[in-house]
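In this note's numbering, the protein residues as written are 1 to 141. Since the structure comes first, as structure tokens, the remarks are kept for the end.
Next comes the structure, spelled out in structure tokens:
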């Protein structure tokens, strides 16, 4: 089963490396979301600034912080949520709304590494949009 965890992690790392080579910083936080999207987005922006790619970022927090976020389970080979151990079915990556080219690059990098994606916009006037990375098929849910 360990092979699955390495495969997902390696594939995600490859996608992030592709983005890095294109000047886009990718942030994945497994400690979970605190419920304040603005704070999370500020963290993504800061990470991009520190990486020398200000304005060129994608980011996601997995799980809920108060429940411990998420973790890679070495026994099952799945990304799981703490506080119940349910498999993660999707990861929501934020990106700057005015930069559809960043979403295009993210989708291309993920899909080139055998991930399925889709886009989501909960508010057309918001300054961020989302690309969903679907893990459901891999996690059997």
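No residue lacks a Cβ here, since even glycine has one placed at the ideal position from N, Cα and C.
Which of the three DSSP states, helix, strand or coil, is assigned to residue 102?
helix
For the 8 Å Cβ check, are there 3 or more pairs between the segment 105 to 112 and the segment 70 to 82?
no
Determine the contact status of residue 32 and residue 65, defining contact as a CB-CB distance below 8 Å.
yes
Find out if the Cβ-Cβ distance for the pair residue 56, residue 48 is shorter than 8 Å.
Here residue 56 is near residue 48, since their CB atoms are less than 8 Å apart.
Close-in-space but distant-in-sequence residues of the same chain around residue 114 (CB under 7 Å, 5 per side omitted):
11
Could you check the C-alpha separation between residue 116 and residue 100 for me, to the nearest Å?
18 Å
Buried versus exposed, by CB contacts within 10 Å (16 or more), residue 120
exposed
So who's on the other strand from residue 73, going by DSSP bridges?
78
Mind checking which residues open and close the alpha helix (DSSP H) that includes residue 66?
No alpha helix (DSSP H) contains residue 66, which DSSP labels as neither H nor E.
For residue 59, list the residues DSSP reports as bridge partners.
27 and 94
Over the uninterrupted alpha helix (DSSP H) stretch that includes residue 41, give me the two end residues.
37 to 50
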